[in-house]
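*Asks:*
Chains as they are written, first to last, in my numbering: chain A, 1 to 361; chain B, 1001 to 1256; chain C, 2001 to 2283.
1) Identify the contact partners of residue 356/A in chain C, using a Cβ-Cβ distance below 8 angstroms as the criterion.
2) Under 8 angstroms between the Cβ atoms of residue 278/A and residue 50/A?
3) Taking C-beta pairs closer than 9 angstroms, name the residues in chain A that residue 2187/C reaches, listed in chain order.
4) Starting from the N-terminal side, write out each stretch of the beta strand (DSSP E) that is 3 residues or longer and does not extend beyond the stretch 1171-1229 of chain B.
5) Around the Cβ of residue 1163/B, are there at least 16 other Cβ atoms within 10 angstroms (buried) or fewer (exposed)?
6) Tell whether a beta-carbon distance below 8 angstroms holds between residue 2205/C and residue 2047/C.
7) Taking residue 2162/C as the query, report the chain A residues whose CB atoms sit under 9 angstroms from its CB, ordered along the chain.
8) Let me know if residue 131/A comes out buried or exposed under the rule of 16 or more other beta-carbons within 10 Å of its beta-carbon.
9) Is there a Cβ of chain C sitting closer than 8 angstroms to that of residue 1125/B, yes or no?
10) Inspect the CB distances between the stretch 60-74 of chain A and the stretch 20-40 of chain A and report whether three or more fall short of 8 angstroms.
11) Have a look at residue 204/A and residue 318/A and give me their C-alpha separation to the nearest angstrom.
12) May I ask you to report which of helix, strand or coil DSSP gives residue 1065/B?
13) How is the beta strand (DSSP E) around residue 2221/C delimited, first residue to last?
14) On the three-pair Cβ rule with 8 angstroms, is the stretch 148-168 of chain A touching the stretch 108-117 of chain A?
15) Between which two residues does the beta strand (DSSP E) harbouring residue 2142/C extend?
16) Using a Cβ-Cβ cut-off of less than 8 angstroms, list which residues of the stretch 1136-1159 of chain B approach chain C; keep chain order.
17) Give the secondary structure of residue 2243/C by DSSP, where H, G and I count as helix, E and B as strand, and everything else as coil.
18) Once you ignore the five residues that flank residue 2018/C on each side, which residues in its own chain have a CB closer than 7 angstroms to its CB?
19) What is the rounded straight-line gap between the Cα of residue 2130/C and the Cα of residue 1126/B?
20) Whole angstroms are fine: how far does the CA of residue 332/A sit from the CA of residue 58/A?
21) Mapping DSSP to helix, strand and coil, what is residue 2215/C?
22) Leaving out five residues before and five after residue 2080/C in sequence, what residues of the same chain have Cβ atoms less than 6 angstroms from its Cβ?
23) Measuring CA to CA, which of 1223/B, 1233/B and 1224/B is closest to residue 1215/B?
24) Quick one: which residues of the stretch 2215-2240 of chain C get their C-beta closer than 7 angstroms to a C-beta of chain B? List them in chain order.
25) For a test of the three-state rule: what should DSSP assign to residue 2100/C, helix, strand or coil?
26) Using a Cβ-Cβ cut-off of 7 angstroms (strictly less than) and excluding sequence neighbours within five positions of residue 1097/B, which residues of its own chain qualify?
27) Does the beta carbon of residue 2144/C sit closer than 8 angstroms to a beta carbon anywhere in chain B?
28) Helix or strand or just coil, what does DSSP make of residue 303/A?
29) Three or more C-beta pairs closer than 8 angstroms, one from the stretch 245-258 of chain A and one from the stretch 118-138 of chain A: is that the case here?
30) Note down the Cα distance separating residue 284/A from residue 118/A, rounded to an integer number of angstroms.
31) Within this structure, are the beta carbons of residue 1105/B and residue 1138/B separated by less than 8 angstroms?
32) Might you give, ordered along the chain, the residues of its own chain that have their beta carbon closer than 8 angstroms to the beta carbon of residue 2248/C, omitting 5 neighbours on each side?
33) Does residue 2152/C have its Cβ less than 8 angstroms from a Cβ in chain B?
34) Can a CB atom of chain C be found closer than 8 angstroms to the CB of residue 1104/B?
35) For residue 1/A, would you say it is in contact with chain C, using Cβ-to-Cβ distances shorter than 8 angstroms as the test?
36) By Cβ distance below 7 angstroms, which residues in the same chain neighbour residue 2032/C in space, the five residues on each side in sequence not counted?
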């Protein structure tokens, strides 16, 4: 006799328990703590903060631990948590020109005021597995020097003084908020940048790469890439002035792009912009390239039909939480729909067979 | 008589590059206007501005609508313009694949405009499709085949059927015979001439092929560098060209 | 669960969603954009339905969740537990006792009554999406009621297969204006959409859309005059309750081709069995 399947609830509980056991792994091996993840897997923490749209290294580290190192799952945990947080207000825009830079390079000028600062980068490491790390190595201490107190102005400002690059006038219109309003098209640049800043790193990278390979090529130079900390200030209504509430690490990339002029704009250099939480160079550069590609319309350029020029395509497919949720939902039962397809295929086969028989007779 | 289409000061540029500049003309019901010129002369830009595919920088396109008389289609609302585009106007693209749904059967292609204006009877739609395939000389047995299986000439005839099924009054054609073999071109031109005459269509045909306009057009405009350099009755312009560029154009091709 | 508001979402968010729902009810079948929130369950797993339910639930409500017609499928269990924990509301599996029913892919067999709300989980709210991938273009097509392309698809089905080959998520036209995706319910359920006494709300979380059918709205499944809509079902009685009027699941019994057909609506089937109805496979 057939009994309808029951016990979904028990199955779910058991699955959760097993998952927790798997997450912990072999109990003879010491358990990771949050501080270890935060300090030693800091670039993973940075990515989770950037794509989770929440700056909190401890929570990001916790999410990575809970997600067993699956970064998209960790981003998801952070996003879901973020939704529930009350919103106290909005900070003042951060001044990246006043960033305390750990790293700052320009590919367009050999030297610039403020200097080229290599900083902690993988760039010139030889990618050789360091087996010493497998053993517990001695901590390495890098040499230190006092920071140059002189300001580190944006490289694009030098071009701006000669009017060689498009103006990027200050705009105090409050930007739209992607997490509070539905994404509607056409999306202004502020909204596009917001979406790109939390977009999946892999997707953004591939889109940017496609522009370099000729799908809406925009001849980007890294005018400047800077990584460092900026103070975050907020106006407190009760006080009537802004106070510093903390400090965050950001990666900012400004590209300088060749531009021959269009029906609306004179020949000059144009800009692509990337800004991401934490130290995340690949993402910031990718973002700047994609930003520039998406600007074809406002600059009066031709639409070459490239994916990276297509704001609807890019913005609707860049979010890895939306993408992975929808992708994986096909694991859910679909047997009602499948049943109706089954009936149709059977019916069509019956009809086809009947026709074949008729033809044979 | 009210012109069906009255074009004034049509101008469109691309950056420093001029598309078309200050083009004006009237088109009367039942009239076929040819626009000739070499590639880059601005004739396609002009056609796309007239048909509402491109927004002109300046100028107006006054169309004598069935319901509300003369209206400027440049400034009319998009819903109205799109409604015109699927009822009273038709557009035949040079490449049939731009004007057809290549993944939809021939019958579906012809039926789409009927369904778009509310026909909900399958048998009736199919009947119209068979009738129109016949009129453009496509075997009715091909009704369920997709255009990808058709030859270039058949695709172009199918595109014409798809466009004419709702009985439009004005047809825009962009190099309708471009890319076809000479023998196929002749058959298509013959077909077009018959349809224009039988249905009393007005048409604007852009082409670089003087043989096409000789056969189809009542009047002719010659364009060079975005401007109209000469216009008049087709036979007059082709047999007695006044402008040096027209003379060059006429002398450089075999007389038809 | 402490630390969270009633039904998880904060009141501001609920207000935003309620506004979208009211707008949707005012324009039946029209897709209202709303600022979908990130929920603690993945997009595509009912986040739209969950947000709509969260916005309409009150502490007095009695909540039922079905997935594929059944109350005990894993995702239905998961969503029911979510609201038990975050809203502390009473739940039920009985259609007639529920005031709010969240569903994925089915409409309950038992006719709904006034005062009930049926909340659908919607994966792709746009009925034109697979004909035209661009949102900017499909919104224009809706605003201009340019639905010719939709019929081209049905035409192609008939010309190729002899009948319309869409079996679920079968498109409908609401009050002769908007073409609407009824979510992936089997077309068998389509007739229940029309003239329904309950409020029907559709939530698409990932796609950020809400749409609705107020009670007693006329909903017509798209068809041709000479090829009318046919809400077919498997030609069997239910093996457990013997019903010949319900939508059936096919269950494979063994690896020798043995199978049986049972009601997909488990509550309806059990109610009938308790009333003494028996199918041929019932013990």
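Note that the Cβ used here is the ideal one computed from N, Cα and C, for glycine as well.
*Replies:* In brief:
1) Along the first chain, read from residue 1 onward, the residue named residue 356/A stands at position 356. None at all; the shortest Cβ gap to chain C is about 15 angstroms.
2) Here the question's residue 278/A lines up with position 278 in the first chain. Here the question's residue 50/A lines up with position 50 in the first chain. Cβ distance < 8 angstroms, so residue 278/A and residue 50/A count as in contact.
3) In the third chain, residue 2187/C corresponds to position 187, counting from 1. Those are 340, listed as they occur along chain A.
4) Entirely contained in the stretch 1171-1229 of chain B, the beta strand (DSSP E) runs reaching 3 residues are, in chain order, 1202-1207 and 1219-1224.
5) On the second chain, residue 1163/B is found 163 positions in, with the first residue counted as 1. Around the beta carbon of residue 1163/B, 16 or more other beta carbons sit within 10 angstroms, so the residue counts as buried.
6) Counted from its first residue, the third chain places residue 2205/C at position 205. Counted from its first residue, the third chain places residue 2047/C at position 47. If you check the CB distance, residue 2205/C and residue 2047/C come in under 8 angstroms.
7) Your numbering for residue 2162/C matches position 162 in the third chain. Those are 348 and 351, listed as they occur along chain A.
8) As a first step, residue 131/A must be located in the first chain, where it is residue number 131. That one is exposed.
9) Residue 1125/B sits at position 125 when you count from the first residue of the second chain. Output row for residue 1125/B: interface = yes.
10) Segments in contact, yes.
11) Numbered from 1 along the first chain, position 204 holds the residue referred to as residue 204/A. Numbered from 1 along the first chain, position 318 holds the residue referred to as residue 318/A. The straight-line gap from Cα to Cα measures roughly 7 angstroms.
12) Stepping through the second chain from its first residue, residue 1065/B is reached at position 65. Residue state, collapsed to three classes: strand.
13) Translated into the one-based positions of the third chain, residue 2221/C becomes position 221. It spans 2219-2221 - the beta strand (DSSP E) in which residue 2221/C sits, taken as one unbroken run.
14) Touching, yes.
15) For the purposes of this step, residue 2142/C is identified with residue 142 of the third chain, where counting begins at 1. Unbroken run through residue 2142/C is the alpha helix (DSSP H), 2135-2143; no beta strand (DSSP E).
16) Listed by position along the chain: 1143 and 1144.
17) Counted from its first residue, the third chain places residue 2243/C at position 243. In the structure shown, residue 2243/C sits in coil (DSSP, three-state: anything other than H, G, I, E or B).
18) By one-based count along the third chain, residue 2018/C stands at place 18. Around residue 2018/C: 2055.
19) Against the third chain, residue 2130/C aligns to sequence position 130. Against the second chain, residue 1126/B aligns to sequence position 126. Distance between the alpha carbons of residue 2130/C and residue 1126/B is about 24 angstroms.
20) Locating residue 58/A in the first chain gives position 58, counting from the first residue. Locating residue 332/A in the first chain gives position 332, counting from the first residue. The C-alpha of residue 332/A is placed about 33 angstroms away from the C-alpha of residue 58/A.
21) Against the third chain, residue 2215/C aligns to sequence position 215. Here residue 2215/C sits in coil by DSSP.
22) Within the third chain, the letter at position 80 stands for residue 2080/C. Counting only Cβ-Cβ distances below 6 angstroms, and skipping sequence neighbours, we find 2065 and 2091.
23) The residue you call residue 1215/B lines up with position 215 of the second chain. Ranking the options by Cα distance to residue 1215/B, first place goes to 1233/B.
24) Going along the stretch 2215-2240 of chain C in chain order, one finds 2224, 2225, 2226 and 2227 with a Cβ nearer than 7 angstroms to chain B.
25) Within the third chain, the letter at position 100 stands for residue 2100/C. Look at residue 2100/C here: in three-state DSSP terms it is strand.
26) Counted from its first residue, the second chain places residue 1097/B at position 97. Hits under 7 angstroms: none found.
27) Translated into positions along the third chain, residue 2144/C becomes position 144. Closer than 8 angstroms to some Cβ of chain B, the Cβ of residue 2144/C qualifies, so yes.
28) Taking the first residue of the first chain as 1, we reach residue 303/A at position 303. Note: residue 303/A maps to coil in three-state DSSP.
29) Contact fails: fewer than three Cβ-Cβ distances are below 8 angstroms.
30) As a working mapping, residue 284/A is identified with position 284 in the first chain. As a working mapping, residue 118/A is identified with position 118 in the first chain. Across the structure, residue 284/A and residue 118/A are spaced so that their CA atoms are roughly 17 angstroms apart.
31) Here residue 1105/B corresponds to residue number 105 of the second chain, with the count starting at 1. Here residue 1138/B corresponds to residue number 138 of the second chain, with the count starting at 1. Their beta carbons are not under 8 angstroms apart, which means residue 1105/B does not touch residue 1138/B by this criterion.
32) For this step, residue 2248/C is matched to residue 248 along the third chain. Take residue 2248/C, set aside five residues on each side of it, and the residues of its chain with a beta-carbon closer than 8 angstroms to its own are 2233, 2234, 2236, 2238, 2261, 2262, 2263 and 2264, in chain order.
33) Taking the first residue of the third chain as 1, we reach residue 2152/C at position 152. Chain B, which has a Cβ nearer than 8 angstroms to the Cβ of residue 2152/C, makes this yes.
34) Taking the second chain and counting its residues from 1, the one referred to as residue 1104/B is at position 104. Interface residue, yes.
35) For the purposes of this step, residue 1/A is identified with residue 1 of the first chain, where counting begins at 1. For residue 1/A, the predicted model reports a pLDDT of 45, less than 50, meaning its position is unreliable; a value from the coordinates is still stated below. By this cut-off, residue 1/A is an interface position.
36) Here residue 2032/C refers to the residue found at position 32 when the third chain is read from its first residue. Around residue 2032/C: 2020, 2023, 2024, 2209, 2210 and 2211.
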